[in-house]
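Residue numbers (the working numbering), protein chains in the order written: chain A, 2 to 589; chain B, 136 to 510. C-beta: ideal position from N, C-alpha, C; glycine also.
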Amino acid sequence: MIRKRNEPANYRPLSPCGLDVGQPKTWVVELEGARKAALETGRTRLIVSALVFALAFVMIGLRLVDLTLLQSDASAQIAKIAPANTEWRSGRADIVDRNGTVLATTLPTNAVYANPRQIRNPDEVAGRLASVLKGVDEERLKGGLASDRSFTWVGRCLSPRETDAVNGLGIPGVYLQHDECRYYPHDDLFSHVVGYSDIDGQGIAGMEKTFEEKLRGGKAPLELSLDMRLQHIMAEELEAAMTEYSGIGASGLIMDVDTGEILSMVSLPTFDPDRPAAASDEARFNRATLGVYEVGSVFKIFSAAAALDAGAVSLEDGYDISKPIRISRFTINDFKPKDGWMSIPEIFLHSSNIGTVHMAMEAGTKAIQDYFGKFGLLKRGAVELPENGSPLVPAKWREINTMTISYGHGLAVTPVQVVRALSAMVNGGELLAPTLVKRRPGERPVGEQVISEQTSAQMRWLMRLVVAEGTGRNAEAPGYMVGGKTGTADKLKASGGYDRNNRIASFAGAFPMDDPQYAIFAMVDEPKPTEKSYGYATAGWVVAPAIKKIVQRMGPVVGLEPRALPSEVGPDPLFVPVHLKGRSVASQ
Amino acid sequence: MSLTFNRTDTSLLGRWWWTVDRWTLVSLLLLMGIGCVLIITASPSVANRIGMDTFGLVKRQLVWLPMALAVLFIASLATPRWVRRLSVVAMAGSILLLILTLIIGAEIKGATRWLSFGGLSVQPAEFAKPFFAVTLAWILATGKQEDFPGMMVATGLWLLVSSLLALQPDVGQTAIITGIFLVQLFLAGLPMFWVAGLAVMVISAFLGAYFTMPHVTERVNAFLDPEAGDRYQIGRSLEAFMNGGLWGQGPGEGTIKQYLPDAHADFIFAVAGEELGLFACLIIVSLFAFIVLRGFARLLHEESLFVLLAATGLLVQFGFQALINMGSTLHLMPTKGMTLPFISYGGSSLVALALGMGMLLALTRRRAGAESEEP
């Protein structure tokens, strides 16, 4: 490098660290050529650098276009996968009816809690929270917030709207957390069967309790045998009957006589399973499975079946029913006393206590007791609910017990026991275990043959006779061949003995009687007479019309069409003609 | 600030207004504005995640912003001579702080990068970069014009600063410092033989870093092999761009910020991609490219070697940082802890970049008789 140095004074060595402050001086430009050359090199190489940078920026831009526009398909893939991973799964399986309608489900909700130590003004905070949360007791909340703890629940199972409202309040010390809550979308329609669970999702009543283990952590829903449509029909008609006759309660069941599946189980009054604590014990009480009742004349079905099946009597037999039966200090009378001799069908048709007692005594105490035992009326019911009542069986079964039990007094059973035994009477004599869980298609339980096919056919005929000609005429749904038996029983008084003014009106029946498919039992507790019923509060007035409506409404639902039958009664060629006060009711 | 300066106004502000590179200034202000928007949308979820007040990070950044604007403006008022003086002194100070960082700095995520001054955390490396660029330019320019071993001294300074950064360890900043050094060396007329040699050395350095520093190994592996290492961040980042599409999901509508721990800093460009879309991202890239390339273009007419080298160094630092950040986010290179200039969250980064760009504006102001400013 050539260095031209004219005057040494003009050369200024590098100042220390570039600190030349306070030394303003003129620079003599010495190396013009070298400097120009260096600048020239710098500029040329600057262009090279700039090109490299430009290229790099262009690459970034191209990569952006590549990612955002050309790879958007990949993004769709990601978007699809993402929600699948975050799909919410509850910790408790649903309960559905036989058609898959949801009866109980678990939803993600929010819970709100507070740290009382962080709450400065408990009264104000309680007021503001209570204003947006329904079902929160302000006074109780005040107490909780004023306490010296670090945790208190404010509310559980918040709806999204409530969650938003609590968030909107923005109160320090009040927190939200995720929660799961059990919901019963049909309100009070299935309360007694489905049951309910506590705030932590633990089943504490009904099927929720029975199947706690299966439901907890389960994925597949629990399928009940119930049919929501039939349940609705039953509940509505029972409610109407109960209201019309000012009853204090009612219960109804529909059972598939071939499978033992219970299609409808209603107990009134009912309650909201979302708020079981608000309901009375009376409402929470399941009359269908836990309540035991003396159902009166309905029992004549079982007495007659027992006497016929035991061979003690035949349909052609008859008794003189003009005289009341006196045994020790009791007198057995008929509700509507008739004169003279009556055949067995007539006894059944007119619901004669005296005749029934004669029949039962003909069979004997031992036989009646055995048959009733086989019908499942003497042991605790076995439906899948935790609420199963035990029948009230006489401690010592004497002759007088056989007599009274034959017409439905002195043995109290649950409605589900009645409908179970009833099914066996009409389905060919096979007693099936009742179930509230849907059976798989084709699955048919093996039951015990408790009466013969023939006796069952006779019972079908007798029961059809009652509706066609006797006390159950109000249950006649044209074309459905309803058969059944009414029962009106005085209720037991708390003080002992029977209360003549409080009764249970019930109806046990099945249809269609030429090939029964459904057994129905319905009862109204303590119906009061009305003007319309001419002062009667008997089953024929109270329950039979409800049965008619139920059959007529459920027929189309279950696919049964009303049929016009040429000969209404006694289709069985086994039957000999039976004379009822001069009229022939049995064909052939 | 009134924009009605008369051309004959010879006051400090008047002269500044008529000589400063207003296009670059406006571009810088635009970047800061975009940065504000992105910080506001990206940082609340980050703040919530680390247990801060929702707008805590936004507030912090908005405190730094006026300071950065002031620094930018004041620095741009300086003459090249003052830029040089400040930088040389501050370079010495920065070296001291870097040493101090290694001794008393707080270790965060396996690296010692921060110094605390009574609650105020500072990252000395951020400040070292612009001072390094200017000081190096001065050394090299002097070496060209005086009897002074410029290249040797420059190399010594680079070795010192880069090893201090590598010890933290901070590969990103070391790479920036090295980038500035190499470009300036190249511009200062390094013989082509050495240029080739250096290229080999740079490659060896990368390989060396790969084989000796575990976290570099990890990141490079993750880059090269989609199956290896932690692909989570980059995967989310790419997803963000794909979700964004042409017009984006809309400001505040993105979800990437929920998942990425550095959504407000290193991965803010991905937030921009998801929420504002390709169009806005291209605008951001264009702004960076415009500032760098316009800077280079103006320097073509520069008569002072010092100014040429110093301004180039500052532009290289700025451009490199932007390229590395965006390149990492777009998976064009292994991820590095690098802020996107003027957009990412971070007070040190913002103020240091404002200072650097302020000095750039000062150096590129139109001057009469530029030679008289020659050191």
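Grouping DSSP H, G and I as helix and E and B as strand, with all else coil, what is A:Ile-172?
What you label residue 172 of chain A is simply residue 171 of the first sequence in a count that begins at 1. In the structure shown, A:Ile-172 adopts coil according to DSSP, grouped into three states.
If we ignore side chains and look at the alpha-carbon of each, how far apart do A:Leu-227 and A:Met-266 end up?
The sequence position of residue 227 of chain A within the first sequence is 226, counting from 1. The sequence position of residue 266 of chain A within the first sequence is 265, counting from 1. Cα to Cα, the separation comes out at about 8 Å.
May I ask you to list the residues that DSSP assigns as paired with A:Thr-107?
On the first sequence, position 106 is the one that residue 107 of chain A refers to. In DSSP, A:Thr-107 forms a bridge with A:Arg-183.
Which residues bound the beta strand (DSSP E) around A:Asn-503?
Counting from 1 along the first sequence, the entry for residue 503 of chain A is found at position 502. A:Asn-503 -> beta strand (DSSP E) spans 499 to 512.
State buried or exposed for A:Glu-527, treating a residue as buried only when at least 16 other CB atoms are found within 10 Å of its CB.
Mapped onto the first sequence, residue 527 of chain A falls at position 526. Label assigned to A:Glu-527: buried.
Is it the case that the Cβ atoms of A:Ile-345 and A:Val-314 are separated by a distance below 8 Å?
To locate residue 345 of chain A, count along the first sequence from 1; it is residue 344. To locate residue 314 of chain A, count along the first sequence from 1; it is residue 313. Result yes, Cβ atoms of A:Ile-345 and A:Val-314 sit closer than 8 Å.
Check: A:Gly-382 C-beta below 7 Å from any heavy atom of the ligand SAM:
Here there are no bound small molecules, and the ligand SAM is not part of this structure.
Distance, A:Ser-148 Cα to A:Ser-247 Cα
Counting from one through the first sequence, the residue named residue 247 of chain A turns up at place 246. Counting from one through the first sequence, the residue named residue 148 of chain A turns up at place 147. Looking at the two C-alpha atoms, the distance is approximately 48 Å.
I need the DSSP call for A:Val-525, collapsed to helix, strand or coil.
Numbered from its first residue, the first sequence carries residue 525 of chain A at position 524. A:Val-525: strand per DSSP, three-state reduction.
8 Å Cβ cutoff, B:Cys-171 in contact with chain A:
Along the second sequence, one-based indexing puts residue 171 of chain B at 36. Output row for B:Cys-171: interface = no.
Cross-chain neighbours of A:Val-66 in chain B, by beta carbon under 9 Å:
To locate residue 66 of chain A, count along the first sequence from 1; it is residue 65. Residues of chain B passing the Cβ test: Leu-413, Leu-417.
Quick one: is A:Val-50 near chain B, going by C-beta distance under 8 Å?
Position 49 of the first sequence, counting from 1, holds the residue named residue 50 of chain A. Val is not the amino acid found at residue 50 of chain A; the sequence shown has Ser there. By this cut-off, A:Ser-50 is an interface position.
In DSSP terms, what A:Gly-319 is bridged to:
As a working note, residue 319 of chain A is residue 318 in the first sequence. Secondary-structure assignment with DSSP links A:Gly-319 through a beta bridge to A:Ser-344.
For A:Glu-363, which of A:Asp-273, A:Leu-412, A:Arg-440, A:Glu-400 has the nearest alpha-carbon?
What you label residue 363 of chain A is simply residue 362 of the first sequence in a count that begins at 1. Nearest C-alpha to A:Glu-363: A:Glu-400.
Beta-carbon of B:Ala-424 versus every beta-carbon of chain A: anything under 8 Å?
The sequence position of residue 424 of chain B within the second sequence is 289, counting from 1. B:Ala-424 counts as touching chain A.
Report the neighbours of A:Ala-39 on chain B: residues whose CB is nearer than 8 Å to its CB, in chain order.
By one-based count along the first sequence, residue 39 of chain A stands at place 38. Those are Lys-279, Gln-280, Ala-323, Gly-324, Leu-440, listed as they occur along chain B.
Give the C-beta separation of A:Gly-196 and A:Lys-215 to the nearest angstrom, bearing in mind that I take them to be a contact with Cβ-Cβ under 8 Å.
For the purposes of this step, residue 196 of chain A is identified with residue 195 of the first sequence, where counting begins at 1. For the purposes of this step, residue 215 of chain A is identified with residue 214 of the first sequence, where counting begins at 1. Not quite, the Cβ-Cβ distance comes to about 14 Å (not below 8 Å), so this is no contact.
Within its chain, find whatever has a CB closer than 6 Å to the CB of A:Ala-206; leave out the 5 residues flanking it on each side and keep chain order.
As a working note, residue 206 of chain A is residue 205 in the first sequence. So the list reads Gly-196, Tyr-197, once near-sequence residues are dropped.
Go to A:Thr-405, then tell me how far its beta strand (DSSP E) extends in each direction, as first and last residue.
Walking along the first sequence from the start, residue 405 of chain A turns up at place 404. That residue, A:Thr-405, is in no beta strand (DSSP E); its alpha helix (DSSP H) goes 400 to 407.
What number of angstroms, rounded off, separates the C-alpha of B:Leu-148 from the C-alpha of B:Gln-452?
On the second sequence, position 13 is the one that residue 148 of chain B refers to. On the second sequence, position 317 is the one that residue 452 of chain B refers to. C-alpha separation (whole angstroms): 28 Å.
List the DSSP bridge partners of A:Asp-491.
As a position in the first sequence, residue 491 of chain A is number 490, starting the count at 1. As computed with DSSP, A:Asp-491 is found in a beta bridge with A:Arg-504.
Coil, strand or helix - A:Trp-154 by DSSP
As a working note, residue 154 of chain A is residue 153 in the first sequence. Three-state result, A:Trp-154: strand.
Of all the CB atoms in chain A, is at least one closer than 8 Å to the CB of B:Met-461?
For the purposes of this step, residue 461 of chain B is taken as the residue at position 326 of the second sequence. Answer yes: the Cβ-Cβ gap between B:Met-461 and chain A drops below 8 Å somewhere.
Given that A:Thr-42 touches chain B, what residues does it touch there, using C-beta distances under 9 Å?
For the purposes of this step, residue 42 of chain A is taken as residue 41 along the first sequence, with counting starting at 1. By Cβ distance, chain B contributes Leu-322, Ala-323, Gly-324.
Residue closest to B:Phe-190, alpha-carbon to alpha-carbon, out of B:Pro-201, B:Trp-199, B:Thr-176:
One-based indexing of the second sequence puts residue 190 of chain B at position 55. The shortest C-alpha separation from B:Phe-190 is found at B:Thr-176.
Helix, strand or coil: which one does DSSP assign to A:Asp-257?
As a working mapping, residue 257 of chain A is identified with position 256 in the first sequence. Of the three classes helix, strand and coil, the one that applies to A:Asp-257 here is strand, per DSSP.
Answer with buried or exposed for B:Ile-239, where buried requires no fewer than 16 other C-beta atoms within 10 angstroms of its C-beta.
Position 104 of the second sequence, counted from the start, is the residue given in the question as residue 239 of chain B. Under this definition B:Ile-239 is an exposed residue.
How many Å lie between A:Ala-77 and A:Leu-71 at the Cα?
Residue mapping note: residue 77 of chain A aligns to position 76 of the first sequence, counting from 1. Residue mapping note: residue 71 of chain A aligns to position 70 of the first sequence, counting from 1. Unreliable positioning characterises A:Ala-77 in this predicted model, as indicated by a pLDDT of 46, which lies under 50. The coordinate reading is nonetheless provided below. So the alpha carbons of these two residues sit roughly 12 Å apart.
Between A:Gly-473 and A:Val-299, is the Cβ-Cβ spacing less than 8 Å?
Residue mapping note: residue 473 of chain A aligns to position 472 of the first sequence, counting from 1. Residue mapping note: residue 299 of chain A aligns to position 298 of the first sequence, counting from 1. Result no, Cβ atoms of A:Gly-473 and A:Val-299 do not sit closer than 8 Å.
Is A:Thr-539 near A:Ala-506, with beta carbons less than 8 Å apart?
For this step, residue 539 of chain A is matched to residue 538 along the first sequence. For this step, residue 506 of chain A is matched to residue 505 along the first sequence. Yes. Within cutoff.
With distances taken from CA atoms, which of A:Val-543, A:Gly-101, A:Glu-449 is nearest A:Ala-241?
Taking the first residue of the first sequence as position 1, residue 241 of chain A is located at position 240. Per the Cα distances, A:Val-543.
Where do the N-terminal and C-terminal ends of the alpha helix (DSSP H) with B:Leu-235 fall, by residue?
Along the second sequence, one-based indexing puts residue 235 of chain B at 100. Segment 215 to 239, the alpha helix (DSSP H) holding B:Leu-235.
By the DSSP assignment, the beta strand (DSSP E) with A:Val-267 in it spans what residues?
Locating residue 267 of chain A in the first sequence gives position 266, where the first residue counts as 1. Segment 263 to 269, the beta strand (DSSP E) holding A:Val-267.
I'd like to know if B:Gly-454 contacts chain A, where contact means its C-beta is closer than 8 Å to some C-beta of that chain.
Locating residue 454 of chain B in the second sequence gives position 319, where the first residue counts as 1. Contacts with chain A at 8 Å (Cβ-Cβ) include B:Gly-454.
Please name the residue in B:Leu-435, B:Gly-370, B:Phe-402, B:Gln-303 whose C-alpha comes closest to that of A:Arg-44.
Residue numbering aside, residue 44 of chain A sits at position 43 when the first sequence is read from its first letter. Of the candidates B:Leu-435, B:Gly-370, B:Phe-402, B:Gln-303, the one whose C-alpha sits nearest the C-alpha of A:Arg-44 is B:Leu-435.
Is it a yes or a no for the segment 396 to 405 of chain B touching the segment 474 to 484 of chain B, going by three-plus beta-carbon pairs under 8 Å?
yes
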